[in-house]
Amino acid sequence: MPPLDDVLSPQLQQAVVTGLFVAIGWIVVAGQTRRRDAALRRAREADLQRALLAEIRAHVFALEQQVPSAADAAALIARIETGDFVPTLPQHANDRIFAAVVADIHILPAPVIDPIVLYYRLLSIMEALATDLRRMARRDGARAAQMMGDYLSLMEETRDSGIQAIRVLTECLRGGVDAVEQMLDQDEADAAALVAQYLPGELAILRERLLREGLRDAPDARGVSSRSSDPRGR
1 MPPLDDVLSP QLQQAVVTGL FVAIGWIVVA GQTRRRDAAL RRAREADLQR
51 ALLAEIRAHV FALEQQVPSA ADAAALIARI ETGDFVPTLP QHANDRIFAA
101 VVADIHILPA PVIDPIVLYY RLLSIMEALA TDLRRMARRD GARAAQMMGD
151 YLSLMEETRD SGIQAIRVLT ECLRGGVDAV EQMLDQDEAD AAALVAQYLP
201 GELAILRERL LREGLRDAPD ARGVSSRSSD PRGR
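Throughout the sequence shown, residue numbering follows full-length UniProt numbering, covering 1 to 234 in sequence.
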C-alpha cells in the first residue's frame, strides 16, 4: 500500500482531518442539544402537570364542600320554583393556570391531556349555566328550577371529572405515561368486570318483567286482554 503522502498532499490530509473533527463535533453537539432539549421538555411537562394538579385539586376540594345532599338539593329546587328566590351560586372561574399554559398543553402526554381538557370544559359550561340560571330565576321559576337540577348534576360530573384528572396527573408525575396507561387499562378491566358481574342479573330481571307484561297483555278465552283500559294501568 503506497504511503498516504503519495496519494494525498499534506494540505489535503490536514483538510480531511479537520473536516472529520468538525463533523464529529457537530454530531456531539447535536446529541448534547437533543438531550438538553429533552431534559428541558421533561422539566416543563412536570412543571405544567404540578401547576394544573394544584389548581384542579383545590377546586375539586371546593366542589366537594358545595355539592348538596339529595334533600338539600330538592329543597333548593323547590324554593327556586316558587319564583321568589334567586340562588347565590359560587364563582367557578378556577382556570387561571390553565388559561396561562393552554398554548403549551400539547407537550403533555395524550392520556393526560384528555381528562384535563374535559374537566376545564365542564367548568366553563358550569359558568355559562350559572349565569343563565341567575337571569332565568327572576323571570321563570319553573324553568330556573329545571336548570338548577341540571346545574347540580353538572357540578357532580365536574367534580368526578376533576377527580379523574387528579388521578391521571398524580400517576403521570409518579411513574410517567406508561403508569398512566396501565392505570387506565386497569380501570377499563374493572369496569368490564363490574358489567359482567351485574349485567346477567339485570337482564334476567328485565326478561321476567317483559314476560309478566306479555302475559298480562295476552287475551283470555273471550279474546279480551287482561290489561285495564285505564291509561294509568288501574
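Ideal placement from N, C-alpha and C gives every residue a C-beta, glycine not left out.
Item to check | Residue closest to A78, alpha-carbon to alpha-carbon, out of L210, M148 and S153 | outcome: M148
Next on the checklist: Below 8 Å, how does it come out for the stretch 166-186 and the stretch 48-64: are there three or more Cβ pairs, yes or no?
Outcome noted: yes
Checklist entry - L76 by DSSP, collapsed to three states: which one? => result helix
Checklist entry - Who are the near neighbours of P90 in its chain, counting only those whose CB is closer than 8 Å to its CB and skipping five residues on each side? => result A62 and Q66
Checklist entry - Can you tell me whether H106 is buried or exposed, with buried defined as 16 or more other CB within 10 angstroms of its CB? => result exposed
Next on the checklist: Could you check whether P200 and A165 sit closer than 8 Å to each other, using their CB atoms as the reference points?
Outcome noted: no
Checklist entry - Mind pulling the alpha helix (DSSP H) runs of 4 or more residues that sit fully within the stretch 100-145? => result 110-137
Checklist entry - In whole angstroms, what is the alpha-carbon distance linking A15 and F21? => result 10 Å
Checklist entry - Once you ignore the five residues that flank D230 on each side, which residues in its own chain have a CB closer than 8 Å to its CB? => result At D230 the pLDDT is 46, less than 50, meaning the model places this residue with poor confidence; the figure from the coordinates comes in the next sentence. No residues qualify anywhere along the chain.
Checklist entry - Taking three-plus beta-carbon pairs below 8 Å as touching, is the stretch 120-136 in contact with the stretch 145-160? => result yes
Checklist entry - CA-CA distance, A70 and S153? => result 11 Å
Item to check | Backbone CA spacing between P10 and G25 [nearest angstrom] | outcome: 22 Å
Checklist entry - Leaving out five residues before and five after R138 in sequence, what residues of the same chain have Cβ atoms less than 7 Å from its Cβ? => result V86
Checklist entry - Which residues in the same chain have their Cβ closer than 7 Å to the Cβ of R143, if we skip the five residues on either side of it in sequence? => result M136
Checklist entry - Does DSSP put T170 in a helix, a strand or coil? => result helix
Next on the checklist: Does the contact criterion of 3 or more C-beta pairs under 8 Å hold for the stretch 155-162 versus the stretch 118-126?
Outcome noted: yes
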